[in-house]
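Those letters in the sequence shown? Residues 28 to 808, per our numbering, in order. A virtual CB, placed ideally from N, CA and C, is assigned to each residue, including glycine. Predicted model only: the values in this text are computed from it and were never measured.
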Amino acid sequence: MDPFSSRQPIKQIPTVPAAPQTFRVKVGRSPSEILALKNFLVVSSRDFHPSVRYAIVEEQFVFTIKAEDSQPPRQIGASQAHRRWASLSVGQEVSIAPYDPSLESPNIYLGRLDLEVSFSRKTTEIKEHFDTEEMSKRFYEAFNNQIFSTNQQVVFDFHGINLQVVVKGLYVVDLAELQKGLIGTEHANYQGPRATTRGILMQQTAIHWLKASDSSIRLKGPSSKVTTAILQPDFKFEDMGIGGLDIEFSAIFRRAFASRIFPPSLVERIGIQHVKGILLFGPPGTGKTLMARQIGKMLNAREPKIVSGPEILNKYVGQSEENIRKLFADAEKEYKEKGDESDLHIIIFDEIDAICKQRGGRSDSTGVGDSIVNQLLSKMDGVEQLNNILIIGMTNRYDLIDEALLRPGRLEVHMEIGLPDEHGRLQILKIHTAKMKDNDLMDSDVDLDELASLTKNFSGAEITGLVKSASSFAFNRHVKVGTVAGVASDLDNMKINREDFLSALDEVHPAFGVNDEELQQCVQNQIIQFANNVERILSDGQLFIEQVRKSSRTPLVSVLLHGPPGSGKTALAATMAMSSEFPFIKLISPESMVGYAEVSKISMINKVFNDSYKSPLSVIVIDNIERILDWVPIGPRFSNSILQTLLVLLKKRPPKDRRLLILATTNEKSVLDDMNMSDCFNSEIYVPNITELSSVDIVLKELALFNDEERNRALNALKQGGVELRIGIKKILTIIEMSRQDVDKVEKFVGTILNMAPHKVETNSLYDKLDMPDTALYKFE
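(1) Give every residue of the same chain whose Cβ lies closer than 7 Å to the Cβ of Ser179, excluding the five residues on either side of it in the sequence, and list them in chain order.
(2) For Leu6 and Thr224, which I take to be in contact (beta-carbon distance under 8 Å), what is that distance rounded to the nearest angstrom?
(3) For Pro44, is the classification buried or exposed, using 16 other Cβ atoms within 10 angstroms of its Cβ as the cut-off for buried?
(4) Contact between the stretch 470-481 and the stretch 518-530: three or more CB pairs below 8 Å?
(5) Under 7 Å Cβ to Cβ from Glu625, same chain only, skipping five residues before and after it: list those, please.
(6) Among the residues of its own chain, which have a CB less than 7 Å from the CB of Phe170, if the five just before and after it don't count?
(7) What does the Cβ neighbour count give for Met631, buried or exposed, with the cut at 16 atoms within 10 Å?
(8) What is the DSSP secondary structure of Phe308, counted as helix, strand or coil?
(9) By DSSP, does Asn503 sit in helix, in strand, or in coil?
(10) In whole angstroms, what separates the C-alpha of Met620 from that of Glu295?
(11) Gln191 lies in the alpha helix (DSSP H); which residues open and close that run?
(12) For Ala495 and Ala108, what's the separation of their Cα atoms in angstroms?
(13) Out of Ile375, Ile61 and Leu688, point me to the one whose CA is closest to Ser2's CA.
(14) Suppose you measure from the CA of Leu272 to the CA of Gly312; what does that come to, to the nearest Å?
(15) Give the straight-line distance between the Cα atoms of Val777 and Val723, rounded to the nearest whole angstrom.
(16) Measuring alpha carbon to alpha carbon, tell me which residue in Ala239, Lys363, Thr602 and Ala358 is nearest Glu545.
(17) Under 8 Å Cβ to Cβ from Ile629, same chain only, skipping five residues before and after it: list those, please.
(18) To the nearest angstrom, report how far apart His156 and Asp638 are at their CA atoms.
(19) What are the boundary residues of the alpha helix (DSSP H) that Val698 is part of?
(20) What is the DSSP secondary structure of Gly420, reduced to helix, strand or coil?
(21) In whole angstroms, what separates the C-alpha of Arg287 from that of Leu413?
(22) Among the residues of its own chain, which have a CB less than 7 Å from the CB of Glu443, if the five just before and after it don't count?
(23) Could you tell me the boundaries of the beta strand (DSSP E) in which Trp236 lies?
(24) At a cut of 8 Å, does the stretch 709-721 reach the stretch 601-615 through at least three beta carbon pairs?
(25) Going by DSSP in three states, Gly211 sits in which element: helix, strand or coil?
(26) With a threshold of 6 Å on Cβ separation, who are the neighbours of Val575 within its own chain once the five nearest residues in sequence on each side are excluded?
(27) Pull up the distance between the alpha-carbon of Tyr126 and that of Leu140, whole angstroms please.
(28) Taking its Cβ as the centre, do 16 or more other Cβ atoms sit within 10 Å of Asn651, making it buried, or is it exposed?
(29) Note down the Cα distance separating Ala604 from Met783, rounded to an integer number of angstroms.
(30) Between Asp96, Phe276, Ala278 and Leu690, which lies nearest to Ser645 when the distance is taken from Cα to Cα?
(31) Using a 10 Å radius around the Cβ and a threshold of 16 neighbouring Cβ atoms, would you call Leu745 buried or exposed?
(32) Going by alpha carbons, who is nearest to Val586 out of Ile649, Ser616, Thr151 and Val726?
(33) Judging by CA-CA distance, which residue of Gln454, Val89 and Ile244 is the nearest neighbour of Leu190?
(34) Taking 8 Å as the threshold (C-beta atoms), are Pro617 and Asn694 in contact?
(35) Can you check which of these residues, Arg680, Ala558, Phe185 and Pro537, is closest to Arg580 by C-alpha distance?
(36) Taking Ser594 as the reference, which of Asp96, Ser106 and Thr692 has the closest Cα?
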């Protein structure tokens, strides 16, 4: 219903045209209880003309005044509610002046007023419901044409019961539009009431009653006139200090809190129950704990109970279950007394996987872990259901949580808090550099947009560490070096500049995503395109990358690079991976698993694949796959458990909207054929050894080992040696660097290759058996 549909005439408030005159007065108590209950600040008629309706105290607090002959001059009578709101003390001297609201704004009349109500005496217990329609009617009668401000406190006498009212929201309307009948939802240009900090109450003002969170008062009335004040009135999302989680927070608010803003009677008519649990999961450092902590600040509810999972555990029998029951005791007691009008009780579990692991999956024989899960399940959604609780759980290990805890009615909202994107990283950087920017301690050459693009795969915690590291470099510039460490005299000129942040980027690396150092080691000597097939391999790799990036039909692409040892397979795979510039690139290599037991290897491989599913685009490089399988030709021997793990993971399609490229390398393709692993790959690329002298020539030119005359002499010597070249690029590079140290570089280089050639033919166990085409010798012209 349109609150302005009655179209009653508006009575203008007379004001005194004389300029306001400020003078000092003493604060006293209100001379009568009647005037106090009518919200009048009593002044002397010798200080104020009776036509003056409003006065401003201390240039901040505006009151509706009543001039009385009996009031002593230069003294004001303030009620306890007045003194509490304006922080006044009896006997205090304050400034006061007449106040004309029209001088501050032409629109001073309230279209809507939000009032939070509770009993003046906290111990008052009344089971009857208070009718909000009648409360509004009595409020108009008592305070019509009075001025109200945000957070102002008023004592309201309703049927002999003193109620404490706090102003939570004021919204003004355009009086000219109202009198012309242009206000209402039926008018296309009507923008609605506009928020303000001060306004005058009139008969057309729509009053919304909010039940105070700590009050036992019960309200009834139309859903548009009674609301539960679950959100703090001055709450702003930008003040939360959380960056990069706007979408996640909006989804949590919609699922868990939207229904709690509406009256319980409306929710009951819809026939639903409030969401009781939220599970926040994701990599460490992404803001799960921070978000849970800020949710508690956002809500106008009881102080959240924050408990770490391990704190629940106790060595005494039954004590762990008792700790769970204690967490719910207050909510149970209040729900029995007040029902759906009970306050919201929030319980936050940090590291919830410590107490809620899968039942039956623990190695101990005590059964305590299972009992804790059972106790928590019964309290959240057991026989005696509670509708006044909200459980927020946080974990890095979503896969460990018991399934029964994840169903609707318990922890039903599952929100993955992933790594922030570039926009999110910019938000986080702005939050953590706000103070240094406000205090002029950040140099103008610092570009936060540039830093956001450079911090790919950084979590929120790692960005915080980056800012701390940059600050440390700035501090270090102003440290006076001597026998005793001290601060340099130019401290006032200290600023954190771009160079500090770039130095910090070299020091702080993301735990998730791309390990550049590891991949760069695989391509330490760069890629030398000594033959056409190298360029073809890199070109094919780029096609696979674009296929993963763009094709909606193939979210998983796996490629096997096979060839003799030292032919450059690892370097080519790493080059392809880095050229993709995907957010997540991981290398699984035998070197990283030295000393690992079989179970530990499986766990590590599985974790890399699970982490890859958290990123929209990922690359996994599996190097020397037969070494990971523990294969050796003597026996032969291999790990069947690791083999089965890889067979499953290589074929497992990533989740929706996730894409994965797998690049694997092997020296023993025939072994993978025997293990039926070759069938797991979509494509295969053969990486051959160097077989032509023209390729050796290109490598020698690239590395500049010889001058032109020495290079020709070396190639002629190799030609006359009459050997068939089958040597890996890796071995060629080693020989070149060894020869560089010798006095006669040509003789050393040629001699080493000629001595190795016969042995190479004898020991090429698998690849000599392949049906490969004959290679022509280099014809040196």
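Taking the structure as given:
(1) By 1-based counting over the sequence shown, the position of residue 179 is 152. Note that residue 179 is Gln in the sequence shown, not Ser. Hits under 7 Å: Trp112 and Val194.
(2) This structure gives no information on residue 6, because the portion of the chain shown stretches from 28 to 808.
(3) By one-based count along the sequence shown, residue 44 stands at place 17. At Pro44, the pLDDT of 40 sits below 50, so the modelled position is not reliable and the matter cannot be decided from this model.
(4) Short answer: they touch.
(5) Mapped onto the sequence shown, residue 625 falls at position 598. Same-chain partners within the cutoff: Ser666, Ser668 and Ile669.
(6) In the sequence shown, counting from the first residue as 1, residue 170 sits at position 143. Within the same chain, Phe170 has close Cβ partners Asn66 and Leu228.
(7) In the sequence shown, counting from the first residue as 1, residue 631 sits at position 604. Classification of Met631: exposed, given that the 10 Å Cβ count is below 16.
(8) By one-based count along the sequence shown, residue 308 stands at place 281. DSSP places Phe308 in the strand class (E or B) of the three-state scheme.
(9) Against the sequence shown, residue 503 aligns to sequence position 476. Helix, per DSSP.
(10) Residue numbering aside, residue 620 sits at position 593 when the sequence shown is read from its first letter. Residue numbering aside, residue 295 sits at position 268 when the sequence shown is read from its first letter. Each residue's alpha carbon lies about 58 Å from the other.
(11) Sequence index remark: in the sequence shown, residue 191 carries index 164 (1-based). Looking at the DSSP string, Gln191 is not in any alpha helix (DSSP H); the run it does join, the beta strand (DSSP E), is Ile188 to Val200.
(12) Walking along the sequence shown from the start, residue 495 turns up at place 468. Walking along the sequence shown from the start, residue 108 turns up at place 81. The amino acid at residue 495 is misidentified as Ala; the sequence shows Lys. Approximately 47 Å, taken between the alpha carbons.
(13) No information on residue 2 is available, as it lies outside the stretch 28 to 808 that the chain covers here.
(14) For this step, residue 272 is matched to residue 245 along the sequence shown. For this step, residue 312 is matched to residue 285 along the sequence shown. If you take the alpha carbons of Leu272 and Gly312, they lie about 13 Å apart.
(15) Here residue 777 corresponds to residue number 750 of the sequence shown, with the count starting at 1. Here residue 723 corresponds to residue number 696 of the sequence shown, with the count starting at 1. Near 11 Å, if we compare the C-alpha coordinates of Val723 and Val777.
(16) Taking the sequence shown and counting its residues from 1, one reaches residue 545 at position 518. When only C-alpha atoms are compared, the closest one is Thr602.
(17) As a working note, residue 629 is residue 602 in the sequence shown. Taken in chain order, the residues that qualify are Ser668, Ile669 and Thr672.
(18) Numbered from its first residue, the sequence shown carries residue 156 at position 129. Numbered from its first residue, the sequence shown carries residue 638 at position 611. Taken atom to atom, the span from the alpha-carbon of His156 to that of Asp638 is near 54 Å.
(19) Here residue 698 refers to the residue found at position 671 when the sequence shown is read from its first residue. First-last of the alpha helix (DSSP H) with Val698: Lys696 to Asp701.
(20) Here residue 420 corresponds to residue number 393 of the sequence shown, with the count starting at 1. Strand at Gly420.
(21) The residue given as residue 287 occupies position 260 in the sequence shown. The residue given as residue 413 occupies position 386 in the sequence shown. The straight-line gap from Cα to Cα measures roughly 14 Å.
(22) Sequence index remark: in the sequence shown, residue 443 carries index 416 (1-based). Taken in chain order, the residues that qualify are Phe308 and Gly309.
(23) Translated into positions along the sequence shown, residue 236 becomes position 209. First-last of the beta strand (DSSP E) with Trp236: Ala233 to Lys238.
(24) With a cut-off of 8 Å, the stretch 601-615 and the stretch 709-721 do not count as touching, because too few Cβ pairs lie within range.
(25) Here residue 211 refers to the residue found at position 184 when the sequence shown is read from its first residue. Only weak support is given to the placement of Gly211: the predicted model assigns it a pLDDT of 41, under 50, and the question is left unresolved by the model.
(26) Within the sequence shown, the letter at position 548 stands for residue 575. Apart from the 5 residues on each side of it in sequence, Val575 sits with its Cβ closer than 6 Å to the Cβ of Val584, Arg686 and Leu688 in its chain, given in chain order.
(27) Position 99 of the sequence shown holds residue 126. Position 113 of the sequence shown holds residue 140. Approximately 21 Å, taken between the alpha carbons.
(28) The residue you call residue 651 lines up with position 624 of the sequence shown. Under the 10 Å beta carbon count, Asn651 is surrounded by 16 or more other beta carbons and is classified as buried.
(29) If you number the sequence shown from 1, residue 604 lands on position 577. If you number the sequence shown from 1, residue 783 lands on position 756. Each residue's alpha carbon lies about 33 Å from the other.
(30) Here the question's residue 645 lines up with position 618 in the sequence shown. Of the candidates Asp96, Phe276, Ala278 and Leu690, the residue whose Cα lies closest to the Cα of Ser645 is Leu690.
(31) Here residue 745 refers to the residue found at position 718 when the sequence shown is read from its first residue. The residue in question, Leu745, is buried, as its Cβ has 16 or more Cβ neighbours within 10 Å.
(32) For the purposes of this step, residue 586 is identified with residue 559 of the sequence shown, where counting begins at 1. The shortest Cα separation from Val586 among Ile649, Ser616, Thr151 and Val726 belongs to Ile649.
(33) Your numbering for residue 190 matches position 163 in the sequence shown. The shortest CA-to-CA distance from Leu190 to any of Gln454, Val89 and Ile244 is the one to Ile244.
(34) Locating residue 694 in the sequence shown gives position 667, where the first residue counts as 1. Locating residue 617 in the sequence shown gives position 590, where the first residue counts as 1. Not a contact, by the Cβ cut-off of 8 Å.
(35) Indexing the sequence shown from 1 puts residue 580 at position 553. Ranking Arg680, Ala558, Phe185 and Pro537 by CA distance to the CA of Arg580 puts Arg680 first.
(36) Stepping through the sequence shown from its first residue, residue 594 is reached at position 567. Taking Ser594 as reference, the option from Asp96, Ser106 and Thr692 with the minimal CA-CA separation is Thr692.
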